[in-house]
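Undergrad: Just dropping this structure here.
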DNA sequence: CGTTCGATTGAGCTTTCTCAAGCACAGTGG
DNA sequence: CCACTGTGCTTGAGAAAGCTCAATCGAACG
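Here it is, written out as structure tokens:
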């Protein structure tokens, strides 16, 4: 639910801290010239996170922006009594840097071994200053995120548990296919059942039960605890859109 | 849940279609020079809507952008079976124009007699082209919207019915106070109970019942069916943040 | 081989929803 | 001026989806 989408590939100069990443692009610059991408990357320095390690907390001052190059992050907000809402997951290629009033609106925490390319906000801002087309791109990505957030509001406000799970798996599938550029049958779930529950506004028990139901209906299969196979994409799509209820 | 916040006031030239509006500003240009605001306004032409009249539908091609000058709009998305999620309300000063792939992500419908200042997207884009600081402002507003959307996800995913209503009233109160620049005790509800329900992920019956409960707890009072008085703002805030449950 | 931690399953409960009836107020026509 | 009607709001009773609490399972790891 934050700046997203991986794009064009860009070569990195030898010796750069981001060398060895999964990704050779800067997501937010999908439309920018390769020269510009390389230049931006040069300004960054590498940062690594272990599973469970936070990158920053909700309310922290936002002094850096990041590109995720390897791993997965979950983004979440907490209520004072501990209720958690996961607002999104970040994958390689995603850009992390939108903030209001220079404060982070959510906590970002690694789900796996994670690697980021970090830019100081000042340097990033001056880079954007020098490349006005970057500004447009930032706006485009924010607009995209906003549309995704509205879609998630429909899910949280109006969909049943089964519809939420179906929508979630299809969204992960779409993303995997966009990343690989090929059609996929298997979807990796790098997050726990609790994380899925907190993203979909459910409990982990309900997630487990609905998962069992989707298996019994032959819509999906569990290849492993954290890998699902999509058996009936059309059926899953109908379910996700609420067409199975009647 | 779409571009928002009213700001600086700008005089409009005599004879302009927007003359007679509630607002003398273009929200999205909060930081821009007055000269620029006036110039943008000159490019616009007026449009009026009656209650219940749609401005555009979800999926329609997005050929215009708008500034709301008078009235209220509700923005919503539908599931195929008719379930509705209201993603936001628009008030005078709000800007309506963020879209992805040139298609509207939601339906916009008037709740009252409404007046807008309309710009063709092409002219708006070339105006933005000529005023790069406008691009930054668009981005800033989109980022603000995104933060609000994430807040709404917490509400929809994790809050109880009472917490949702309390949060909603406080958000309306905040907005009213920002608009008037003064402290307020009364909040106008220009939308129906069903609209509130569809915004908060509830049913209209639950909204009514929770309203009755809030009255009994002396947190609010109904001045009229569509005007609430805030009797205990602190209590309402505690409730909205989930601090009353324990 | 035992321990641990996440995932699953079960039973009962709570919140919210659904369906239905009653109420209040605005607009209309006699 | 008042009954009539429609629409939206409120209230009630029963149902259901999903939650809570608790027990069990199972894979990973020491």
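Protein chains in written order, with this note's numbering: chain A, 1 to 246; chain B, 247 to 492.
Glycine included, C-beta positions come from ideal geometry on N, C-alpha and C.
(1) I'd like the list of long-range same chain contacts for residue 244 of chain A, defined as Cβ closer than 6 Å, with 5 residues on each side in sequence excluded.
(2) Give me the Cα-Cα distance between residue 416 of chain B and residue 430 of chain B, rounded to the nearest whole angstrom.
(3) Strictly under 8 Å for the Cβ-Cβ distance: is residue 80 of chain A near chain B by that measure?
(4) Quick one: Cα of residue 464 of chain B to Cα of residue 181 of chain A, how far?
(5) Residues of chain B with a CB under 8 Å from the CB of residue 242 of chain A: which are they?
(6) Helix, strand or coil: how does DSSP classify residue 323 of chain B here?
(7) Once the 5 residues before and after residue 409 of chain B are set aside, which same chain residues still bring their CB inside 7 Å of it?
(8) Say whether chain B places a C-beta atom closer than 8 Å to the C-beta of residue 104 of chain A.
(9) Which bits of chain B does residue 136 of chain A rub up against, with CB to CB less than 8 Å?
(10) Between the segment 68-87 of chain A and the segment 390-404 of chain B, do three or more beta carbon pairs fall short of 8 Å?
(11) Would you identify the three-state DSSP class for residue 90 of chain A, choosing helix, strand or coil?
(12) Would you kindly report the start and end of the unbroken alpha helix (DSSP H) that includes residue 375 of chain B?
(13) Would you list the one or two residues that DSSP bridges to residue 84 of chain A?
(14) Mind pulling the beta strand (DSSP E) runs of 3 or more residues that sit fully within the segment 446-475 of chain B?
(15) Label residue 126 of chain A either buried or exposed according to how many other C-beta atoms from any shown protein chain fall within 10 Å of its C-beta, with 16 as the threshold for buried.
(16) Alpha carbon to alpha carbon, what distance is there between residue 60 of chain A and residue 482 of chain B?
(17) Just the Cα atoms here: how many angstroms apart are residue 139 of chain A and residue 52 of chain A?
(18) For the segment 157-175 of chain A, which residues have a beta carbon sitting closer than 7 Å to at least one beta carbon of chain B?
(19) Please confirm whether residue 146 of chain A and residue 356 of chain B have their CB atoms less than 8 Å apart.
(20) Taking 8 Å as the threshold (beta carbon to beta carbon), is residue 223 of chain A in contact with chain B?
(21) Run through DSSP, which three-state label would residue 292 of chain B get?
(22) Give the straight-line distance between the Cα atoms of residue 76 of chain A and residue 288 of chain B, rounded to the nearest whole angstrom.
(23) Three-state secondary structure (DSSP) at residue 160 of chain A?
(24) I think residue 354 of chain B touches residue 300 of chain B, with their Cβ atoms under 8 Å apart; what is that distance to the nearest whole Å?
(25) Which residue from A/209, A/49, A/175 and A/136 puts its Cα closest to that of residue 71 of chain A?
(26) Which chain B residues are close to residue 87 of chain A, counting only those with a beta carbon under 7 Å from its beta carbon?
(27) In chain order, what residues of the segment 424-453 of chain B put their CB closer than 9 Å to some CB of chain A?
(28) Where residue 176 of chain A and residue 473 of chain B are concerned, what is the direct C-alpha to C-alpha distance, given to the nearest angstrom?
(29) How far does the beta strand (DSSP E) with residue 240 of chain A in it reach, from first residue to last?
(30) Does any residue of chain A bring its CB to less than 8 Å from the CB of residue 308 of chain B?
TA: Once the coordinates are examined:
(1) Start at 1 with the first residue of the first chain, and residue 244 of chain A comes out as number 244. If we look at residue 244 of chain A and ignore the five residues flanking it on each side, its Cβ neighbours are 238.
(2) For this step, residue 416 of chain B is matched to residue 170 along the second chain. For this step, residue 430 of chain B is matched to residue 184 along the second chain. Those two C-alpha atoms are separated by around 11 Å.
(3) Here residue 80 of chain A corresponds to residue number 80 of the first chain, with the count starting at 1. So, interface residue.
(4) Taking the first residue of the second chain as 1, we reach residue 464 of chain B at position 218. Taking the first residue of the first chain as 1, we reach residue 181 of chain A at position 181. Between residue 464 of chain B and residue 181 of chain A, the C-alpha separation is close to 58 Å.
(5) What you label residue 242 of chain A is simply residue 242 of the first chain in a count that begins at 1. The answer, in chain order, is 325, 326, 327 and 329.
(6) Here residue 323 of chain B refers to the residue found at position 77 when the second chain is read from its first residue. Taken through DSSP and simplified to helix, strand or coil, residue 323 of chain B comes out as strand.
(7) What you label residue 409 of chain B is simply residue 163 of the second chain in a count that begins at 1. Residues of the same chain with a CB within less than 7 Å of the CB of residue 409 of chain B, apart from the 5 flanking positions on each side, are 485, 486 and 488 in chain order.
(8) Residue mapping note: residue 104 of chain A aligns to position 104 of the first chain, counting from 1. For residue 104 of chain A, the answer is no, since every Cβ of chain B falls outside 8 Å of its Cβ.
(9) In the first chain, residue 136 of chain A corresponds to position 136, counting from 1. For residue 136 of chain A, the residues of chain B that pass the 8 Å Cβ criterion are 381, in the order they occur in the chain.
(10) In this structure the segment 68-87 of chain A touches the segment 390-404 of chain B; the number of beta carbon pairs closer than 8 Å is three or more.
(11) For this step, residue 90 of chain A is matched to residue 90 along the first chain. Strand.
(12) By 1-based counting over the second chain, the position of residue 375 of chain B is 129. For residue 375 of chain B, the enclosing alpha helix (DSSP H) has its first and last residue at 367-376.
(13) Residue numbering aside, residue 84 of chain A sits at position 84 when the first chain is read from its first letter. Looking at the DSSP assignment, residue 84 of chain A forms a beta bridge with A/78.
(14) List check, beta strand (DSSP E) in window: 466-470.
(15) Counting from 1 along the first chain, the entry for residue 126 of chain A is found at position 126. Burial check for residue 126 of chain A: the Cβ neighbour count within 10 Å stays below 16, so the residue is exposed.
(16) Position 236 of the second chain, counted from the start, is the residue given in the question as residue 482 of chain B. Position 60 of the first chain, counted from the start, is the residue given in the question as residue 60 of chain A. Roughly 26 Å between the two C-alpha positions.
(17) Here residue 139 of chain A corresponds to residue number 139 of the first chain, with the count starting at 1. Here residue 52 of chain A corresponds to residue number 52 of the first chain, with the count starting at 1. Taking the straight line joining both Cα atoms gives about 31 Å.
(18) Of all residues in the segment 157-175 of chain A, those with a C-beta nearer than 7 Å to a C-beta of chain B are 157 and 158, reading in chain order.
(19) By 1-based counting over the first chain, the position of residue 146 of chain A is 146. By 1-based counting over the second chain, the position of residue 356 of chain B is 110. Contact flag unset, no.
(20) Sequence index remark: in the first chain, residue 223 of chain A carries index 223 (1-based). Not one beta carbon of chain B lies nearer than 8 Å to the beta carbon of residue 223 of chain A.
(21) Here residue 292 of chain B refers to the residue found at position 46 when the second chain is read from its first residue. Residue state, collapsed to three classes: strand.
(22) Counted from its first residue, the first chain places residue 76 of chain A at position 76. Counted from its first residue, the second chain places residue 288 of chain B at position 42. Roughly 43 Å between the two C-alpha positions.
(23) On the first chain, position 160 is the one that residue 160 of chain A refers to. In this structure, residue 160 of chain A counts as coil in the three-state DSSP scheme.
(24) In the second chain, residue 354 of chain B corresponds to position 108, counting from 1. In the second chain, residue 300 of chain B corresponds to position 54, counting from 1. About 7 Å; that satisfies the 8 Å criterion.
(25) Here residue 71 of chain A corresponds to residue number 71 of the first chain, with the count starting at 1. Closest option to residue 71 of chain A, Cα to Cα, is A/49.
(26) Locating residue 87 of chain A in the first chain gives position 87, counting from the first residue. Chain B residues near residue 87 of chain A: 396 and 399.
(27) Within the segment 424-453 of chain B, the qualifying residues are 444, 445, 446, 447 and 448.
(28) Looking up residue 176 of chain A in the first chain gives position 176. Looking up residue 473 of chain B in the second chain gives position 227. Taking the Cα positions, residue 176 of chain A is about 49 Å away from residue 473 of chain B.
(29) On the first chain, residue 240 of chain A is found 240 positions in, with the first residue counted as 1. Note, residue 240 of chain A: premise wrong, no beta strand (DSSP E); alpha helix (DSSP H) at 233-240.
(30) On the second chain, position 62 is the one that residue 308 of chain B refers to. Among the residues facing chain A, residue 308 of chain B is not included, as its CB has no counterpart in that chain under 8 Å away.
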